[in-house]
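S.K.: Residue numbers (this note's numbering), protein chains in the order written: chain A, 1 to 303; chain B, 1001 to 1303. The following block contains the structure, expressed as structure tokens.
Number of protein chains: 2
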Amino acid sequence: MRAPHVHKILQDKALSRIAIVGVGLLGGSIGLALRARGFRGTRVGIGRRATSLEAAMQYGAVDEVTQDIATGVARADLVILCAPIGQFEGLMRAMAGALKPGTLVTDVGSTKVEVLRMARRCLPRTVRFVGSHPMAGSEKTGVEFARADLFERAVCLITPTSRTAPADVKWLERFWEALGGRPRVLTPQRHDALLARVSHLPHAVATALVRLALKDSAIDLAGPGFGDTTRIASGDAALWTDIFRTNSEAVRKALDGLIAELTRFRDKLARDDAEAIFEWLELSRRERDAWVARRYKKEEFPT
Amino acid sequence: MRAPHVHKILQDKALSRIAIVGVGLLGGSIGLALRARGFRGTRVGIGRRATSLEAAMQYGAVDEVTQDIATGVARADLVILCAPIGQFEGLMRAMAGALKPGTLVTDVGSTKVEVLRMARRCLPRTVRFVGSHPMAGSEKTGVEFARADLFERAVCLITPTSRTAPADVKWLERFWEALGGRPRVLTPQRHDALLARVSHLPHAVATALVRLALKDSAIDLAGPGFGDTTRIASGDAALWTDIFRTNSEAVRKALDGLIAELTRFRDKLARDDAEAIFEWLELSRRERDAWVARRYKKEEFPT
């Protein structure tokens, strides 16, 4: 791995206090990455449970902690919501009165349209909200799994609207880049439609596969392939309930698409059409290999 | 990892010559594991391509190689078919006349009913055929990925019929155990029905997910979860075509089961039934975690 590059943006004097709301795997990793990448200001950890906040301090993920969100965000230049989406509305209402005018507020939630609606309802017009979604993490939760390099090479999605100032988008792009990520900008609507297919649908499928495997204890014959395919089904169920509910329409559309695709494959099997079965498998094999090459290998030789 | 235990079965004088037909990832790993676990006889590698056989020799996976299957199996006490299932019938016919009476023939193919039918059609009654299926391997192919510890803790399925001698089943159980595996005995029919759900269906689903992700280049936003869920879709398409075709009925039944399960989940989403969505996710999370604990952790402290 390359030595962490110190990015100017993290040493800007206008960024002296960053509030991380929810210091789990993602929030904790942001804290660790900030320090590793050269941020010298104050990282404030905000959470509901004293034990989690103590752990965050012990792991060096934050410099200060508080259970009072208003106190925590009061002097922050940047606020990052890292709690489950289901808590966003309450958190936004609780912080609204305490935010300084001009504060940039972002989040790391897995759906963006509904989060934007909440921000419009709950946050004052004096602050700027722009959604983010780093494609990093795992089925694990808790600051004990946080890593300073979690965002290395991770695609970090930024979802401005027509009302977002271009300078804020640019700034967030540099911010995620400073933590090691690869920023990509798209609208909240497009984000939710595409993520339904590459993130939410795989989660639903992994969950369904586990369920089917329980019958006759088939699961006890499963090998490493099954383990990988279903890994994400070990993710937090409450967190994923919120994700599915806040992107319900797009997920249902993605489910319909998958069912249609599986039905077409079923027909090829029923016809015992060797060539069609092979072509169906081969296209995905080739395209996935190409994706792996783009996603992982190229980064070893940055241009 | 525990030090490899030398098992008596591998030092039995009645087992002095083992023929491995197809020295790729699985065949090569069997060869490496045999040596690592104390087998001092001769490992004969049989294959179609001279370059693959040379590589198998270079990696120390076998002691001798030949492209002539009759020569390769002629004096073998045990023959293990490690080629793709699509080649089995031709290989069995080619070896039939050369096998010594009493030779035990097994395989590592992913479906068992059809393989058994081939063995009945093609092998002489003087040899004993019992199917095996070690749940090990990856989407990679080739002897360069072979590992002596590939079968460590892997479930190794053995599929006798009513005509199989119990002593042969017992012997194969000890054999896979000697290579580090955890043997499980079941009928070929039950094998194919259960594997359709925990292995073949996940492969079809991973392939379908990649295909859906290609539209609008959604795949370029995908993160590590997508990578894991679809990993097996990078497997060899020709090999998997054979697997699907030789277990077509059970796979179609499994596809129907998955489509029904996804349709039920779609209904919960449409009703926005938070509790039902949570329960659906939570059951799979809990059961998968329990499976991981059984599959991996317990083995660290063998009873």
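For glycine and all other residues, C-beta sits at the position ideal for the given N, C-alpha and C.
1) May I have the straight-line CA-CA distance separating LEU26 (chain A) from ALA1033 (chain B), to the nearest angstrom?
2) In or out: ARG49 (chain A) buried (at least 16 other Cβ within 10 Å) or exposed?
3) Rank B:GLN1058, B:GLY1097, B:VAL1105 and B:ARG1120 by C-alpha distance to the C-alpha of THR1071 (chain B) and give the top, closest one.
4) Measuring straight from C-alpha to C-alpha, what distance separates ALA1136 (chain B) and LEU10 (chain A)?
5) For GLY1045 (chain B), name the three-state secondary structure that DSSP assigns.
6) Going by the beta-carbon positions, is the gap between PHE151 (chain A) and PRO166 (chain A) smaller than 7 angstroms?
7) From PHE301 (chain A) to SER199 (chain A), what does the alpha carbon distance come to, in whole angstroms?
8) For chain A, find out if any of its Cβ atoms is closer than 7 angstroms to the Cβ of SER1234 (chain B); answer yes or no.
9) List, in order along the chain, the chain D residues whose C-beta lies closer than 7 angstroms to that of ARG1184 (chain B)?
10) For the alpha helix (DSSP H) that contains SER162 (chain A), what are its first and last residues?
11) Taking ARG153 (chain A) as part of the alpha helix (DSSP H), name the residues at either end of that continuous run.
12) Quick one: residues in its chain with C-beta nearer than 7 angstroms to the C-beta of VAL1062 (chain B), no 5 flanking neighbours on either side, listed in chain order?
13) With a cut-off of 7 angstroms, does the C-beta of LEU25 (chain A) fall near any C-beta of chain B?
14) What is the rounded straight-line gap between the Cα of VAL1108 (chain B) and the Cα of ILE1080 (chain B)?
15) Check each residue of the stretch 237-254 of chain A: if its Cβ is closer than 8 angstroms to any Cβ of chain B, include it; give the result in chain order.
16) Could you tell me the boundaries of the alpha helix (DSSP H) in which LEU1104 (chain B) lies?
17) By Cβ distance below 6 angstroms, which residues in the same chain neighbour PRO1124 (chain B) in space, the five residues on each side in sequence not counted?
18) What residues from the stretch 1063-1092 of chain B come within 9 angstroms of chain A, judged by C-beta to C-beta, listed N to C?
19) Counting only runs of 3+ residues fully inside the stretch 220-252 of chain A, write out the beta strand (DSSP E) ranges in chain order.
20) Taking C-beta pairs closer than 9 angstroms, name the residues in chain A that SER1199 (chain B) reaches, listed in chain order.
21) Roughly how many angstroms separate the alpha carbons of ILE1277 (chain B) and ARG1153 (chain B), rounded to a whole number?
22) Would you mind telling me which residues of chain A sit closer than 9 angstroms to MET1135 (chain B), beta carbon to beta carbon, in chain order?
23) Using DSSP with H/G/I as helix, E/B as strand and the rest coil, what is LEU32 (chain A)?
24) Does the beta-carbon of MET1001 (chain B) have 16 or more other beta-carbons within 10 angstroms, so that it is buried, or is it exposed?
25) Just list the residues that DSSP pairs VAL21 (chain A) with in beta bridges.
26) Let me know if GLU173 (chain A) comes out buried or exposed under the rule of 16 or more other beta-carbons within 10 Å of its beta-carbon.
27) Compare the C-alpha of LEU1304 (chain B) against each of A:LEU262, A:VAL169 and A:GLY181 and name the closest.
28) Quick one: what does DSSP say HIS7 (chain A) is sitting in, helix, strand or coil?
29) If the criterion is Cβ atoms closer than 7 angstroms, does the pair GLY1142 (chain B) and THR1159 (chain B) meet it?
30) Using a Cβ-Cβ distance under 7 angstroms, would PRO1188 (chain B) count as near chain A?
31) Closer than 8 angstroms by beta-carbon distance: list the chain A residues that pair up with ILE1259 (chain B), in chain order.
32) Name, please, each residue of chain B whose Cβ falls closer than 8 angstroms to the Cβ of GLU173 (chain A).
33) When the Cα of ILE1232 (chain B) is compared with those of A:ALA233, A:SER234 and A:ASP228, which residue comes out closest?
34) Is ILE243 (chain A) near SER110 (chain A), with beta carbons less than 7 angstroms apart?
35) Scan the stretch 203-220 of chain A for residues whose Cβ lies nearer than 8 angstroms to a Cβ of chain B and list them as they occur along the chain.
36) Quick check on DSSP: helix, strand or coil for THR1111 (chain B)?
M.R.: Quick look at the numbers:
1) Straight-line spacing of the CA atoms in LEU26 (chain A) and ALA1033 (chain B) works out to 41 angstroms.
2) By the neighbour-count definition (other C-beta atoms within 10 Å, threshold 16), ARG49 (chain A) is an exposed residue.
3) Ranked by Cα distance from THR1071 (chain B), the first of B:GLN1058, B:GLY1097, B:VAL1105 and B:ARG1120 is B:GLY1097.
4) Between ALA1136 (chain B) and LEU10 (chain A), the C-alpha separation is close to 46 angstroms.
5) Strand, per DSSP.
6) No, the pair does not count as a contact, with Cβ atoms beyond the cut-off.
7) Note that PHE301 (chain A) scores 40 on pLDDT, short of 50, meaning its location in the model is unreliable; the coordinates nonetheless yield the value given after this. Roughly 27 angstroms between the two C-alpha positions.
8) By this cut-off, SER1234 (chain B) is an interface position.
9) No chain D appears in this structure, whose protein chains are A and B.
10) Following the DSSP letters along the chain, one finds SER162 (chain A) in no alpha helix (DSSP H), marked with neither H nor E.
11) From DSSP, ARG153 (chain A) is part of no alpha helix (DSSP H); its letter is neither H nor E.
12) Excluding its 5 nearest sequence neighbours in each direction, VAL1062 (chain B) has C-beta neighbours in its own chain below 7 angstroms: ILE1020, VAL1023, GLY1031, ARG1043, VAL1044, GLY1045 and ALA1056, listed in chain order.
13) When Cβ-Cβ separations below 7 angstroms define contact, LEU25 (chain A) makes no contact with chain B.
14) The alpha-carbon of VAL1108 (chain B) is positioned some 7 angstroms away from that of ILE1080 (chain B).
15) Within the stretch 237-254 of chain A, the residues whose Cβ lies closer than 8 angstroms to some Cβ of chain B are ALA237, ALA238, TRP240, THR241, PHE244, ARG245, SER248, VAL251, ARG252 and ALA254, listed in chain order.
16) Careful: LEU1104 (chain B) lies outside any alpha helix (DSSP H), inside the beta strand (DSSP E) at 1104-1107.
17) These residues qualify, in order along the chain: ALA1096.
18) Taking a C-beta cut-off of 9 angstroms against chain A, none of the residues of the stretch 1063-1092 of chain B qualify.
19) DSSP runs (the beta strand (DSSP E)) wholly in the stretch 220-252 of chain A: none.
20) Residues of chain A passing the Cβ test: LEU221, ALA222, GLY223, GLY225 and PHE226.
21) Rounded to whole angstroms, ILE1277 (chain B) to ARG1153 (chain B) spans 34 angstroms at the Cα level.
22) Those within 9 angstroms of MET1135 (chain B) in chain A are LEU221, ALA222, GLY223, PRO224, GLY225 and PHE226.
23) Helix.
24) Here the model assigns MET1001 (chain B) a pLDDT of 44, short of 50, so the residue's position is not dependable, and the following value carries that caveat. Result: exposed.
25) BP columns for VAL21 (chain A) point to A:ILE46 and A:LEU81.
26) Looking at its Cβ environment, which holds 16 or more other Cβ atoms inside 10 Å, GLU173 (chain A) is buried.
27) Absent from the model: residue 1304 (chain B). The displayed extent of chain B is 1001 to 1303, so no value can be given.
28) Of the three classes helix, strand and coil, the one that applies to HIS7 (chain A) here is coil, per DSSP.
29) Cβ atoms of GLY1142 (chain B) and THR1159 (chain B): not closer than 7 angstroms.
30) In terms of beta-carbon proximity, PRO1188 (chain B) stays away from the interface with chain A, with every pair separated by 7 angstroms or more.
31) Result: ILE259, LEU262 and THR263.
32) For GLU173 (chain A), no chain B residue has a Cβ inside 8 angstroms of its Cβ, as the nearest lies near 15 angstroms away.
33) When the alpha-carbon of ILE1232 (chain B) is set against those of A:ALA233, A:SER234 and A:ASP228, the nearest one is in A:ASP228.
34) Yes. Within cutoff.
35) Against chain B - using a Cβ distance shorter than 8 angstroms - the residues of the stretch 203-220 of chain A are HIS203, ALA204, VAL205, ALA206, THR207, ALA208, LEU209, VAL210, ARG211, LEU212, ALA213, LEU214, LYS215, ASP216, ALA218, ILE219 and ASP220.
36) THR1111 (chain B): coil per DSSP, three-state reduction.
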